[in-house]
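Under full-length UniProt numbering, the first residue of the sequence shown is numbered 1, with each subsequent residue one higher.
What follows is a single structure, written as structure tokens, with notes after it.
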Amino acid sequence: MTVTGYGTADPQTPLAPVQFERPDVRAGEVAIEVTHCGVCHSDVHQCHDDWGNTVWPCVPGHEVVGRVTSVGDGVTAFAEGDIVGVGCMVNSCQTCEPCKAGEEQYCTGPRGATLTYNGPTKPDGTNTYGGYSTDIVCREEFVLRIPDAIDPAEAAPILCAGVTTYAPLRQHKVGKDTRMAVAGVGGLGHMAIQIAKAMGAHVTALTTSPGKTDDIKALGADEVIVMSDIPALGKAQASFELILSTIPYAHDVEAYLNLVAHDGVLHFVGNFIPTTVAFMPMLFQRRTMTGSLIGGVEQTQEVLDFCAEHGIRPEIKTIAMDEINEAFRRVIDEDIRFRHVIDMDTLRKAEPSGATKLDAPVRGLPEDGGNAPEAAKS
Ligand SMILES: [Zn+2]
Ligand SMILES: [Zn+2]
Numbered sequence: 001m002t003v004t005g006y007g008t009a010d011p012q013t014p015l016a017p018v019q020f021e022r023p024d025v026r027a028g029e030v031a032i033e034v035t036h037c038g039v040c041h042s043d044v045h046q047c048h049d050d051w052g053n054t055v056w057p058c059v060p061g062h063e064v065v066g067r068v069t070s071v072g073d074g075v076t077a078f079a080e081g082d083i084v085g086v087g088c089m090v091n092s093c094q095t096c097e098p099c100k101a102g103e104e105q106y107c108t109g110p111r112g113a114t115l116t117y118n119g120p121t122k123p124d125g126t127n128t129y130g131g132y133s134t135d136i137v138c139r140e141e142f143v144l145r146i147p148d149a150i151d152p153a154e155a156a157p158i159l160c161a162g163v164t165t166y167a168p169l170r171q172h173k174v175g176k177d178t179r180m181a182v183a184g185v186g187g188l189g190h191m192a193i194q195i196a197k198a199m200g201a202h203v204t205a206l207t208t209s210p211g212k213t214d215d216i217k218a219l220g221a222d223e224v225i226v227m228s229d230i231p232a233l234g235k236a237q238a239s240f241e242l243i244l245s246t247i248p249y250a251h252d253v254e255a256y257l258n259l260v261a262h263d264g265v266l267h268f269v270g271n272f273i274p275t276t277v278a279f280m281p282m283l284f285q286r287r288t289m290t291g292s293l294i295g296g297v298e299q300t301q302e303v304l305d306f307c308a309e310h311g312i313r314p315e316i317k318t319i320a321m322d323e324i325n326e327a328f329r330r331v332i333d334e335d336i337r338f339r340h341v342i343d344m345d346t347l348r349k350a351e352p353s354g355a356t357k358l359d360a361p362v363r364g365l366p367e368d369g370g371n372a373p374e375a376a377k378s
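Here it is, written out as structure tokens:
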């Protein structure tokens, strides 16, 4: 099928209308008419080639929500008309240990997980194009059910920002009265605070923005510490069993590590290049520093259901498709907490003329296995 989307062919050019072919739905696949797509900070990084691994052209979007239009042979879990989601992955080997454990994001198969965009598709290695498009086709194992209680636009950010924070909270068994902190209150942090509170934790927010205190309390945080408040930091030394850090830029890690209790954990989900590594405080209180990447399919469904059950919602701002470049600028320039969500009907109705036609396939599978993790390359 011919699909209209928004993409770019290099890091300097703003996103613009494109047209490309998606394969018609095959056995085991689900075709989805995209109604909403969240704008993740990763979309901006990938389009600007900040990680140096972008495959061009790039059509981003991995917080995809839409309506099933058809299903391939053998699909029983979904039917035409269902409201569904697609998160950060559309395929994986499904046989390695992480895949069998429901953690497909850590797939150690020959080509790793196939990311929703910028990931080589198996078996021919064509580049994947994401949810900034009118339609998407996905293997049924990677399709999520959107609970009736959640508005489709609000469901979108849960597929990446939600599961990225939910997975480590489950990993560290956060529960009643866990004394924990969330560092950084942006798109990820504002979800983390709400989810951790619903799990029963005592949650302190660590922020560098004094002006955000009231808003953070409104999200349910029990306490807020501004990182420039030296007496407050002094009192909080070695007090948190867990700090979930969502800070996406280089910062003084030691200031946060010192707040972690004996045998506690500082867990990173923000992607940044540290300027220093703070070993000393780690040794002195046997603290652990660790990190994680998004979450598996099973936990993505879990966090959708969890948010439905507990009334947790991301704060969103709905935009039209042609406002995307402005939204990218805001994501970079402004310290925003809400998530932009594209109303994809605005693209469908616009029927942009002069869309650039993208060829498919656009790439061969690189010899090193594309986006496979280091260990799986051979
Ligand atoms: Zn994301
Ligand atoms: Zn695997």
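Think of the CB as a built atom: it goes at the ideal place given N, C-alpha and C, for glycine as much as any other residue.
* Please check the pair Val253 and Thr290, which I expect to be a contact at CB under 8 Å, by giving their CB distance rounded to whole angstroms. => By 1-based counting over the sequence shown, the position of residue 253 is 253. By 1-based counting over the sequence shown, the position of residue 290 is 290. Taking a contact as a CB-CB distance under 8 Å, the pair Val253 and Thr290 does not count as one, their CB atoms being some 13 Å apart.
* Residue from Trp51, Gly131, Asn53 and Leu242 with nearest C-alpha to Asp345 -> Position 345 of the sequence shown, counted from the first residue, corresponds to residue 345. Cα-wise, what sits closest to Asp345 is Gly131.
* Quick one: is the Cβ of Gln94 within less than 7 Å of any heavy atom of ligand 2? -> Here residue 94 refers to the residue found at position 94 when the sequence shown is read from its first residue. It does: the Cβ of Gln94 is within 7 Å (strictly closer) of some heavy atom of ligand 2.
* Is Ser292 near ligand 1, with its Cβ less than 7 Å from a heavy atom? -> As a position in the sequence shown, residue 292 is number 292, starting the count at 1. Result no, Cβ not under 7 Å from ligand 1.
* Counting pairs of Cβ atoms below 8 Å between the region 103-112 and the region 311-330, do you hit three or more? -> Judged by Cβ distances under 8 Å, the region 103-112 makes no contact with the region 311-330, as fewer than three pairs qualify.
* Answer yes or no: do Gly61 and Glu140 have a C-beta to C-beta separation smaller than 8 Å? => The sequence position of residue 61 within the sequence shown is 61, counting from 1. The sequence position of residue 140 within the sequence shown is 140, counting from 1. Not in contact: Gly61 and Glu140 (Cβ atoms no closer than 8 Å).
* Asked: With respect to the alpha helix (DSSP H) encompassing Ile342, which residues constitute its N-terminal and C-terminal limits?
  -> Indexing the sequence shown from 1 puts residue 342 at position 342. Taken as a continuous stretch (DSSP letters only), Ile342 belongs to no alpha helix (DSSP H), being part of the beta strand (DSSP E) at Arg339 to Asp343.
* Reducing DSSP to helix, strand and coil, say where Cys93 ends up. => Against the sequence shown, residue 93 aligns to sequence position 93. In the structure shown, Cys93 sits in coil (DSSP, three-state: anything other than H, G, I, E or B).
* Hey, would you say the C-beta of Cys99 is under 7 Å away from at least one heavy atom of ligand 2? -> Residue numbering aside, residue 99 sits at position 99 when the sequence shown is read from its first letter. Flag set: Cβ of Cys99 near ligand 2.
* To do: Look up Thr8 in the DSSP assignment and say whether it is helix, strand or coil.
  => In the sequence shown, counting from the first residue as 1, residue 8 sits at position 8. It is a strand residue.
* Could you please give me the residues that DSSP links to Arg268 through a beta bridge? => The sequence position of residue 268 within the sequence shown is 268, counting from 1. Checking the sequence shown, residue 268 turns out to be Phe, not Arg. In the DSSP output, where bridge partners are listed per residue, Phe268 has Ser245 and Gly291.
* Asked: Any residues whose CB sits closer than 5 Å to a heavy atom of ligand 1? List them in chain order?
  -> Qualifying residues, in the order they occur: Cys40, Ser42 and Cys160.
* Per DSSP, which residues does Lys212 bridge with? Please list them. => To locate residue 212, count along the sequence shown from 1; it is residue 212. Per DSSP, none; premise fails for Lys212.
* **DSSP-derived helix/strand/coil call for Ser42** => Within the sequence shown, numbered from 1, the residue matching residue 42 stands at position 42. The answer is helix: DSSP assigns Ser42 an H, G or I state.
* **Delimiting residues of the alpha helix (DSSP H) encompassing Gln301** => Start at 1 with the first residue of the sequence shown, and residue 301 comes out as number 301. Per DSSP, Gln301 belongs to the alpha helix (DSSP H) from Val297 to His310.
* Asked: Thinking just about the alpha-carbon of each residue, which of Ser228, Val64, His262 and Ala155 is nearest to the one in Met282?
  -> Taking the first residue of the sequence shown as position 1, residue 282 is located at position 282. The candidate whose alpha carbon is nearest that of Met282 is His262.
* Asked: Among the residues of its own chain, which have a CB less than 6 Å from the CB of Pro14, if the five just before and after it don't count?
  -> Within the sequence shown, numbered from 1, the residue matching residue 14 stands at position 14. Within the same chain, and ignoring the five residues on either side of Pro14 in sequence, the residues whose Cβ sits closer than 6 Å to its Cβ are Asn325.
* Would Ala375 be called buried (16 or more neighbouring beta carbons within 10 Å of its own) or exposed? -> Sequence index remark: in the sequence shown, residue 375 carries index 375 (1-based). With a pLDDT of only 32 at Ala375, under 50, the local geometry of the prediction cannot be trusted, and no value is derived from it.
* To do: Can you say whether Pro231 is buried or exposed, counting buried as having 16 or more other CB atoms within 10 angstroms of its CB?
  => Residue mapping note: residue 231 aligns to position 231 of the sequence shown, counting from 1. Answer is exposed; the Cβ neighbour count stays below 16.
* To do: Check whether the region 66-76 touches the region 347-359, taking contact to mean three or more Cβ pairs, one atom from each stretch, closer than 8 Å.
  => no
* Quick one: Cα of Glu241 to Cα of Arg179, how far? -> Position 241 of the sequence shown, counted from the first residue, corresponds to residue 241. Position 179 of the sequence shown, counted from the first residue, corresponds to residue 179. Spanning the two alpha carbons is a distance of roughly 6 Å.
* To do: Provide the residue span of the alpha helix (DSSP H) that contains Ile195, from first to last.
  => Residue numbering aside, residue 195 sits at position 195 when the sequence shown is read from its first letter. Run containing Ile195: Gly187 to Ala198, per the alpha helix (DSSP H) assignment.
* Thr108 CB to nearest heavy atom of ligand 2 below 7 Å -> Looking up residue 108 in the sequence shown gives position 108. Yes, the beta carbon of Thr108 sits closer than 7 Å to at least one heavy atom of ligand 2.
* Asked: When we look at the beta-carbon of Gly187 and count the other beta-carbons within 10 Å, is it buried (16 or more) or exposed?
  -> Walking along the sequence shown from the start, residue 187 turns up at place 187. Gly187 is buried by the Cβ-count criterion.
* Asked: Is it right to say Gln12 is buried, meaning 16 or more other beta carbons lie within 10 angstroms of its own, or is it exposed?
  -> Here residue 12 refers to the residue found at position 12 when the sequence shown is read from its first residue. Residue environment for Gln12: exposed (fewer than 16 other C-beta atoms within 10 angstroms of its C-beta).
* Would you call Asp368 buried or exposed, if buried means 16 or more other Cβ atoms sit within 10 Å of its Cβ? -> As a working note, residue 368 is residue 368 in the sequence shown. Note on Asp368: pLDDT 42, under 50, position unreliable in the model; no value is reported.
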